[in-house]
Amino acid sequence: MIIMIAAVAENNALGKNNELVWHLPNDFKRFKSLTTNHHIIMGRKTFESFPKPLPNRVHVVITRQKDYNPEGCILVDSIEKAIAICPENEDSYIIGGGEIYNLGMEHADILEITKVHHSFDADAYFPEIDKTDWQLVESEENFRDEKHLYDYTYETYIRR
1 MIIMIAAVAE NNALGKNNEL VWHLPNDFKR FKSLTTNHHI IMGRKTFESF
51 PKPLPNRVHV VITRQKDYNP EGCILVDSIE KAIAICPENE DSYIIGGGEI
101 YNLGMEHADI LEITKVHHSF DADAYFPEID KTDWQLVESE ENFRDEKHLY
151 DYTYETYIRR
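Numbering (UniProt numbering), first residue to last: 1 to 160.
Encoded structure:
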C-alpha cells in the first residue's frame with residue numbers, strides 16, 4: 001500500500017521555509033511508529049529539512065538535480081519511479097513536501113492525516129482531500145496540553 005502521511009492545518013498548511021510551523025511531540029511519535037522499517041518517499045527539500053536521515057527507514061528522494069547524491073538514499077526523478085522502487089507487498093509512505101503530496105495523491109491508497117486545529121501562514125500546502133474519492137474510517141481527537149499548543153485529530157482515510 002502507498003500511504004501518504006502528513007500533519008495538516010485547518011487551512012491545509014504544511015509548513016513555511018522548509019519547517020513545520022507547530023510542534024506536536026505525540027505526532028512525531030506516531031510518525032516514527034508508522035514509518036519505521038518502511039520505505040519513505042520525499043522530495044529533496046523535505047530530506048534536507050532533517051538534521052540527519054531518519055533511522056530504520058529506506059529514504060527514497062525525488063529530485064531533478066543530477067549531481068545530488070546524499071549518502072544512504074535512493075534517488076529518483078519522478079513519483080512513479082519512487083513508487084516502483086518500493087516493495088509491492090509492504091506499506092510505503094509518502095512524507096512530503098507539498099509538491100510531492102500533490103503528485104502522490106493519485107497513487108495513494110490511504111491517507112494518515114494529523115489535522116492541526118489552527119490555521120497558519122505557510123508556503124507549502126497539502127492538497128484538498130476530495131471526500132468523493134476518500135472515506136474517513138478512523139478519527140481520534142487529541143487536546144492541547146503543556147506539550148501541545150493546539151488541539152489535533154488523527155484521521156485515517158481510505159480510497160473509495
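Where is the CB? At the ideal position from N, CA and C, for every residue including glycine.
Cβ-based neighbour list, W134, same chain, cut-off 8 Å, excluding 5 preceding and 5 following: L111, Y157, I158, R159 and R160
Straight-line gap, S139 to I113 (C-alpha atoms, nearest Å): 10 Å
Cβ pair count under 8 Å reaching 3, the segment 98-112 against the segment 40-53: yes
As assigned by DSSP and simplified to three states, the class of E99: Helix, per DSSP.
Boundaries (first-last residue) of the beta strand (DSSP E) holding I85: Segment I79 to I85 is the alpha helix (DSSP H) holding I85; no beta strand (DSSP E) there.
Residues of its chain near M1, where Cβ-Cβ distance is below 7 Å and the 5 sequence neighbours each way are ignored: Answer for M1: D91, D109 and I110, listed in chain order.
Rounded Cβ spacing between M105 and P70 (contact assumed at less than 8 Å): That belief does not hold up - the Cβ atoms of M105 and P70 are roughly 26 Å apart, past 8 Å.
Contact the segment 69-89 vs the segment 16-32: 3+ CB pairs below 8 Å: no
Any 3 or more C-beta pairs closer than 8 Å across the segment 20-40 and the segment 140-148: yes
Distance CB(I79)-CB(L103) smaller than 8 Å: yes
Distance CB(residue 161)-CB(D77) smaller than 8 Å: The displayed coordinates of the chain run from 1 to 160. Any statement about residue 161 would go beyond what the structure contains.
Helix, strand or coil at S119 according to DSSP, with G and I counted as helix: coil
7 Å Cβ shell around H118 - same chain, five flanking residues per side excluded: A9, E10 and Y150
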